[in-house]
Amino acid sequence: DVTHGRILYLEDVSVSFDGFKAIKGLNLDIAPGELRCIIGPNGAGKTTMMDIITGKTRPDSGTVFFGSTIDLLRHNEPEIAALGIGRKFQKPTVFEDLTVFENLELALKTDKRVRPSMFFQLDSAQRDRLAEVLHTIHLAPHVRRQAGLLSHGQKQWLEIGMLLMQEPKLMLLDEPVAGMTDEETARTAELFLTLKGKHSLMVVEHDMHFIRAIAGDTGTVTVLAEGSVLAQGPLDKVQADERVIEVYLGR
Ligand code: ADP
Numbered sequence: 044d045v046t047h048g049r050i051l052y053l054e055d056v057s058v059s060f061d062g063f064k065a066i067k068g069l070n071l072d073i074a075p076g077e078l079r080c081i082i083g084p085n086g087a088g089k090t091t092m093m094d095i096i097t098g099k100t101r102p103d104s105g106t107v108f109f110g111s112t113i114d115l116l117r118h119n120e121p122e123i124a125a126l127g128i129g130r131k132f133q134k135p136t137v138f139e140d141l142t143v144f145e146n147l148e149l150a151l152k153t154d155k156r157v158r159p160s161m162f163f164q165l166d167s168a169q170r171d172r173l174a175e176v177l178h179t180i181h182l183a184p185h186v187r188r189q190a191g192l193l194s195h196g197q198k199q200w201l202e203i204g205m206l207l208m209q210e211p212k213l214m215l216l217d218e219p220v221a222g223m224t225d226e227e228t229a230r231t232a233e234l235f236l237t238l239k240g241k242h243s244l245m246v247v248e249h250d251m252h253f254i255r256a257i258a259g260d261t262g263t264v265t266v267l268a269e270g271s272v273l274a275q276g277p278l279d280k281v282q283a284d285e286r287v288i289e290v291y292l293g294r
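Sequential numbering of the sequence shown, starting at 44, is according to the UniProt record's numbering.
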């Protein structure tokens, strides 16, 4: 069984938009607990790949499995979210008028796995989780602060926290450090390293210092170009690859 031991498995996935092949013959697999970095020039298909995994875009052909048993192509976008695939888009979408605490609480209320209720109260396990998440995202000192008053970086962390409240099995993050200060970027790298091993993560990012910090010397970096995997391996190896240098310089 090819999907054995993988949390995500894509084989020979293709999709066209008006005859243009945005994804062609894409193969990818992620191990449980892995932090996978995805890089590649603009137009490489990174967003489209995440759209396929989350059910927003349906591929024309190929296989997409979550774990060894769940065929994601049989599920729609809300079902895939409920299965435990969380996605964070580039722009933070926190509720500015609510406090940090209320935003995290709301993430539980909107959890697709639980039935919505008007009389929602956190149970003790959920309260513990909220406290742990607050600590992880470096926002414990700002718990009563209105989210709209947070810095851009803090809003990004809050949104990661909202994802964590729903205990995703796989998190997809699109350019998490875009627009952050160097200090915020460094703290975000720390945050990701604390998630590594406990969660499975796929991170699309252009910031090579950040990639270096989270991938280390051994983490796998996947380079997408023209809709398929151009190179894959430790960062040093892919950065030294002639074909990778060419796609970055050639644009
Ligand atoms: P990346 O995220 O790596 O920059 P994208 O996945 O956004 O790349 O895009 C890959 C290619 O597919 C681009 O050439 C883009 O213009 C095209 N594309 C993406 N989505 C659509 C769409 N909905 N309709 C038409 N073309 C699209």
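Even glycine gets a Cβ: it sits at the ideal position worked out from N, Cα and C.
Bounding residues of the beta strand (DSSP E) (the contiguous stretch that carries residue i)
| i | result |
| --- | --- |
| D260 | Unbroken run through D260: none, as it is neither H nor E. |
| L151 | Per DSSP, L151 belongs to no beta strand (DSSP E); it is in the alpha helix (DSSP H), 143-152. |
| R130 | 128-131 |
| V247 | 243-247 |
| L292 | Here L292 belongs to no beta strand (DSSP E); instead the alpha helix (DSSP H) covers 285-292. |
Coarse secondary structure for residue i, derived from DSSP in three states
| i | result |
| --- | --- |
| L217 | The sequence shown places Asp at residue 217, rather than the Leu named in the question. Correct three-state label for D217: strand. |
| E54 | strand |
| K67 | strand |
| A268 | strand |
| A87 | coil |
| F138 | coil |
| R101 | coil |
| R255 | helix |
| R172 | helix |
| residue 27 | With the chain covering only 44 through 294, there is no way to say anything about residue 27. |
| V107 | strand |
| Q275 | strand |
Near the ligand ADP: residue i beta-carbon under 7 angstroms from a heavy atom
| i | result |
| --- | --- |
| F132 | no |
| T91 | yes |
| D55 | no |
| F60 | yes |
| A221 | no |
| N146 | no |
| A65 | yes |
| A274 | no |
| G86 | yes |
Residue burial classification, residue i (beta-carbon count within 10 angstroms, cutoff 16)
| i | result |
| --- | --- |
| R79 | buried |
| H195 | exposed |
| I254 | buried |
| A168 | exposed |
| G76 | exposed |
| D171 | exposed |
| P184 | exposed |
| T91 | buried |
| H242 | buried |
| T112 | exposed |
| I288 | exposed |
| E139 | exposed |
| D225 | exposed |
Run of the alpha helix (DSSP H) containing residue i, from where it starts to where it stops
| i | result |
| --- | --- |
| L206 | 195-208 |
| I180 | First-last for I180: undefined, no H or E at that position. |
| L238 | 225-238 |
Expected contact under 8 angstroms - CB spacing of residue i and residue j to nearest Å
| i | j | result |
| --- | --- | --- |
| K131 | I203 | 6 angstroms |
| E120 | T97 | 6 angstroms |
| A268 | V246 | Not really, about 18 angstroms apart at Cβ, beyond 8 angstroms. |
| L69 | G270 | 7 angstroms |
| L234 | H181 | 7 angstroms |
| P135 | K198 | 4 angstroms |
| A190 | L141 | 6 angstroms |
Residue i Cβ short of 7 angstroms to the ligand PLP heavy atom set
| i | result |
| --- | --- |
| G83 | Of the ligands this structure carries, namely the ligand ADP, none is the ligand PLP. |
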